[in-house]
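Peer 1: Numbering (our numbering), first residue to last: 48 to 416. Okay, handing you the structure first.
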């Protein structure tokens, strides 16, 4: 079975309908220039098998921009060229006693208000929020209410998704645990992957930020993110990620790495939850991820810039004894893993890890008497 997706961006549909095998492969592998891949795998029983490079080379002979519209195939809109930071917020319907719970409005308000406040300073650059509806089987009223509320906003796009990415364990209805994903968490991983790939083929952007729909951006959090991008780029020869919150949240990547990360998440979805897999990937904790990441720096910000407001998690059951850090609290284990955690002992005078120890000594010599 070949995987494909049906998407709608604010009412506009992009569909890959049944057709010839060549057309379906074309949809998968030639959606955009540079031959970025929508799905690297096809399903064969319970195995996920990579499609070989020869197949890609045979069908990806010209860019999608040169292809005509074929029947019910609608090609994506032209890429935006001036997005500095793209924030992806996946969302599903959350309910309590049969009534929808609206965290999304607070999340969006916290981000959009800061974008508006910084709009003059950003000048030619844009910050775009893409809200991805993963509620395929139910009516996500909160999503649609916010779509209407932000219908005239240039800062927010609303995307509906009906995913058919291959399920590696079809028919399995296991619950899993905090470290081993059950069927719902595996589905969430596939939803996240689909969203990442849609964004990658639909927008031209420089930086990508994960944000969950039950978090608020802390006051001045957007300024902090722009500061981190600038400082990390100047300080480190090459960085793979900037960690500024916890969970699948507050994780900042560069555009060039999104396709590879999405491939890794899809391939390993049965092994760990998506936030754990993401850390495993950028920390180079497996031979596969290490081969891609090489010596690029994992950057940890000292303070948390996103505040958890939800009580009902879509990812896993939270321990009642576990307290989440609030705004500007230090990000330390066990809230984040040690490999992505700020080291207060190494960098007592800094807000970013790893720090330049030589500079730390110089700064301490000129303290107040």
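No residue lacks a Cβ here, since even glycine has one placed at the ideal position from N, Cα and C. Predicted model, so just to flag it, every value in this text is computed and none were measured.
Can you give the Cα-Cα distance for residue 256 and residue 268, rounded to whole angstroms?
Peer 2: Position 209 of the chain shown holds residue 256. Position 221 of the chain shown holds residue 268. Distance between the alpha carbons of residue 256 and residue 268 is about 12 Å.
Peer 1: With a cut-off of 8 Å, do at least 3 Cβ pairs link the segment 259-277 to the segment 302-309?
Peer 2: Cβ pair count under 8 Å is below three, so no.
Peer 1: Let's test the definition: count the other Cβ atoms within 10 Å of the Cβ of residue 244 and tell me whether it reaches 16, buried, or not, exposed.
Peer 2: To locate residue 244, count along the chain shown from 1; it is residue 197. With 16 or more Cβ atoms within 10 Å of its Cβ, residue 244 is classed as buried.
Peer 1: Residue 237 and residue 313 look like a contact to me (Cβ under 8 Å); what is the Cβ gap, rounded to whole Å?
Peer 2: The count along the chain shown starts at 1 and reaches residue 237 at position 190. The count along the chain shown starts at 1 and reaches residue 313 at position 266. Rounded, the Cβ-Cβ distance is 7 Å, consistent with contact.
Peer 1: Inspect the beta-carbon positions of residue 325 and residue 384 and report whether they are closer than 7 Å.
Peer 2: By 1-based counting over the chain shown, the position of residue 325 is 278. By 1-based counting over the chain shown, the position of residue 384 is 337. Cβ distance not < 7 Å, so residue 325 and residue 384 don't count as in contact.
Peer 1: Near residue 197, which residues of its chain fall below 8 Å by C-beta distance, leaving aside the five closest residues on each side in sequence?
Peer 2: The count along the chain shown starts at 1 and reaches residue 197 at position 150. The residues are 155, 159, 203, 205.
Peer 1: I need the DSSP call for residue 383, collapsed to helix, strand or coil.
Peer 2: The residue labelled residue 383 in the question sits at position 336 within the chain shown. The answer is coil: DSSP assigns residue 383 none of H, G, I, E or B.
Peer 1: If I follow the unbroken alpha helix (DSSP H) through residue 396, where does it start and stop?
Peer 2: On the chain shown, position 349 is the one that residue 396 refers to. No alpha helix (DSSP H) contains residue 396, which DSSP labels as neither H nor E.
Peer 1: Closer than 8 Å is the cut-off here; do at least three beta carbon pairs connect the segment 280-299 with the segment 251-265?
Peer 2: Cβ pair count under 8 Å is three or more, so yes.
Peer 1: Please classify residue 285 as buried or exposed, where buried requires at least 16 neighbouring CB atoms within 10 angstroms.
Peer 2: For the purposes of this step, residue 285 is identified with residue 238 of the chain shown, where counting begins at 1. It is exposed - the Cβ of residue 285 has fewer than 16 other Cβ atoms within 10 Å.
Peer 1: In terms of residue numbering, what span does the beta strand (DSSP E) encompassing residue 137 cover?
Peer 2: Position 90 of the chain shown, counted from the start, is the residue given in the question as residue 137. 130-138 is the extent of the beta strand (DSSP E) around residue 137.
Peer 1: So, are the CB atoms of residue 354 and residue 373 less than 7 Å apart?
Peer 2: As a position in the chain shown, residue 354 is number 307, starting the count at 1. As a position in the chain shown, residue 373 is number 326, starting the count at 1. A contact, by the Cβ cut-off of 7 Å.
Peer 1: Contact check, residue 169 vs residue 253 under 8 Å by CB: the rounded distance?
Peer 2: As a first step, residue 169 is located in the chain shown; it is residue number 122 there, counting from the start. As a first step, residue 253 is located in the chain shown; it is residue number 206 there, counting from the start. Not a contact, Cβ separation roughly 13 Å.
Peer 1: Taking the beta carbon of residue 164 as the centre, do at least 16 other beta carbons fall within 10 Å, making it buried, or is it exposed?
Peer 2: The sequence position of residue 164 within the chain shown is 117, counting from 1. It is exposed - the Cβ of residue 164 has fewer than 16 other Cβ atoms within 10 Å.
Peer 1: Per the DSSP calculation, residue 353 is bridged to which residue(s)?
Peer 2: Numbered from its first residue, the chain shown carries residue 353 at position 306. Note: residue 353 sits in a beta bridge opposite 264.
Peer 1: What runs of the alpha helix (DSSP H), each 4 residues or longer, lie entirely inside the segment 255-335?
Peer 2: 268-282, 305-314, 321-329, all fully within the segment 255-335.
Peer 1: Tell me the residue span of the beta strand (DSSP E) that contains residue 348.
Peer 2: By one-based count along the chain shown, residue 348 stands at place 301. Per DSSP, residue 348 belongs to the beta strand (DSSP E) from 344-348.
Peer 1: Can you tell me whether DSSP reads residue 403 as helix, strand or coil?
Peer 2: On the chain shown, position 356 is the one that residue 403 refers to. Reduced to three states, the DSSP call for residue 403 is coil.
Peer 1: Taking residue 180 and residue 207 to be in contact with their CB atoms under 8 Å, please state how far apart those CB atoms are, rounded to whole angstroms.
Peer 2: Residue 180 sits at position 133 when you count from the first residue of the chain shown. Residue 207 sits at position 160 when you count from the first residue of the chain shown. Confirmed, about 5 Å.
Peer 1: Can you list, in chain order, the stretches of the alpha helix (DSSP H) that have 4 or more residues and sit fully within the segment 178-259?
Peer 2: Within the segment 178-259, the complete alpha helix (DSSP H) runs of at least 4 residues are 188-196, 230-249.
Peer 1: Ordered along the chain, which non-local residues of its own chain (more than five positions away) have a Cβ less than 6 Å from that of residue 398?
Peer 2: The residue you call residue 398 lines up with position 351 of the chain shown. Same-chain partners within the cutoff: 349.
Peer 1: Report yes if the CB atom of residue 189 is closer than 7 Å to the CB atom of residue 149, and no otherwise.
Peer 2: Working through the chain shown from its first residue, we reach residue 189 at position 142. Working through the chain shown from its first residue, we reach residue 149 at position 102. Closer than 7 Å, so yes.
Peer 1: Which residue from 321, 376, 192 puts its Cα closest to that of residue 298?
Peer 2: Against the chain shown, residue 298 aligns to sequence position 251. Nearest of 321, 376, 192 to residue 298, Cα basis: 321.
Peer 1: Taking the C-alpha atoms as reference points, what is the distance between residue 166 and residue 258?
Peer 2: Position 119 of the chain shown, counted from the start, is the residue given in the question as residue 166. Position 211 of the chain shown, counted from the start, is the residue given in the question as residue 258. For residue 166 and residue 258, the distance between alpha carbons rounds to 20 Å.
Peer 1: What are the residues that DSSP puts in a beta bridge with residue 174?
Peer 2: Your numbering for residue 174 matches position 127 in the chain shown. Paired residue(s): 132.
Peer 1: Tell me which residue opens and which closes the alpha helix (DSSP H) that residue 168 is part of.
Peer 2: Against the chain shown, residue 168 aligns to sequence position 121. Note, residue 168: alpha helix (DSSP H), 151-169.
Peer 1: What's the gap between the Cα of residue 217 and the Cα of residue 317?
Peer 2: The residue labelled residue 217 in the question sits at position 170 within the chain shown. The residue labelled residue 317 in the question sits at position 270 within the chain shown. Their Cα atoms are separated by approximately 12 Å.
Peer 1: Using the Cβ count rule (16 or more neighbours within 10 Å means buried), how would you classify residue 396?
Peer 2: Along the chain shown, read from residue 1 onward, the residue named residue 396 stands at position 349. Exposed.
Peer 1: Comparing alpha-carbon positions, which option in 147, 162, 183 lies nearest residue 173?
Peer 2: The residue given as residue 173 occupies position 126 in the chain shown. Taking only the C-alpha atoms, the option nearest residue 173 is 162.
Peer 1: Three-state secondary structure (DSSP) at residue 142?
Peer 2: Within the chain shown, numbered from 1, the residue matching residue 142 stands at position 95. Looking at residue 142 - three-state DSSP - the assignment turns out to be strand.
Peer 1: Which whole-angstrom value is the C-beta distance of residue 283 and residue 344, which I expect to be below 8 Å?
Peer 2: As a first step, residue 283 must be located in the chain shown, where it is residue number 236. As a first step, residue 344 must be located in the chain shown, where it is residue number 297. 4 Å between Cβ atoms; contact.
Peer 1: Compare the C-alpha of residue 191 against each of 138, 352, 280 and name the closest.
Peer 2: Here residue 191 refers to the residue found at position 144 when the chain shown is read from its first residue. Of 138, 352, 280, the residue nearest in Cα terms is 138.
Peer 1: DSSP three-state call for residue 377: helix, strand or coil?
Peer 2: Taking the first residue of the chain shown as position 1, residue 377 is located at position 330. DSSP places residue 377 in strand when its eight states are reduced to three.
Peer 1: Would you report the Cα separation of residue 153 and residue 388, rounded to the nearest angstrom?
Peer 2: Translated into the one-based positions of the chain shown, residue 153 becomes position 106. Translated into the one-based positions of the chain shown, residue 388 becomes position 341. When rounded, the distance between both Cα atoms is 27 Å.
Peer 1: Could you tell me whether the Cβ atoms of residue 232 and residue 223 are closer together than 7 Å?
Peer 2: Taking the chain shown and counting its residues from 1, one reaches residue 232 at position 185. Taking the chain shown and counting its residues from 1, one reaches residue 223 at position 176. The answer is yes: Cβ separation under 7 Å.
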